[in-house]
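First up is the structure itself, then whatever we jot down about it.
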Amino acid sequence: MLQPSAPKDIEKMVEATAKAMALAEHRCGTPRMVKLYLDDARKVLLDVAKSAKRQKWTIEELILALDPPKPKPKPWEKYADPPRRGGP
1 MLQPSAPKDI EKMVEATAKA MALAEHRCGT PRMVKLYLDD ARKVLLDVAK SAKRQKWTIE
61 ELILALDPPK PKPKPWEKYA DPPRRGGP
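Numbered by UniProt numbering, the letters in the sequence shown go through residues 1 to 88 in order.
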């Protein structure tokens, strides 16, 4: 994780978003494919930021909404058999 004093680099965010978009659509995250998505990724991030600002979301609220904490398993659930897939 970056330290609070580390310089912020928006290009890394744009590139990560472009890679995620390429992987989602083509299952291919090569540098050439990522390059095709850079402009769209920048627009997506800008639209998300504008929408969050318009709705008065804080960064912490946005992160929590997009990636909610997972409930801890109960002690007895840890040893339970996994669900079975079809078949007898």
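We put the beta carbon where it would ideally sit given N, CA and C, even for glycine.
Here the structure is a predicted model, which is why all the values come from computation and not from measurement.
| query | result |
| --- | --- |
| Residue 63 versus residue 76: straight-line alpha-carbon distance, rounded | 30 Å |
| Residues near residue 13 by beta carbon distance below 7 Å, same chain, minus five either side | 45 |
| CA-to-CA distance, residue 69 to residue 18, given in whole angstroms | 25 Å |
| Integer-rounded CB distance, given that residue 15 should sit under 8 Å from residue 34 | 7 Å |
| Cut-off 8 Å between Cβ atoms - residues of its own chain near residue 25, not counting five sequence neighbours on either side | none |
| For residue 30, the three-state DSSP class (helix, strand or coil) | coil |
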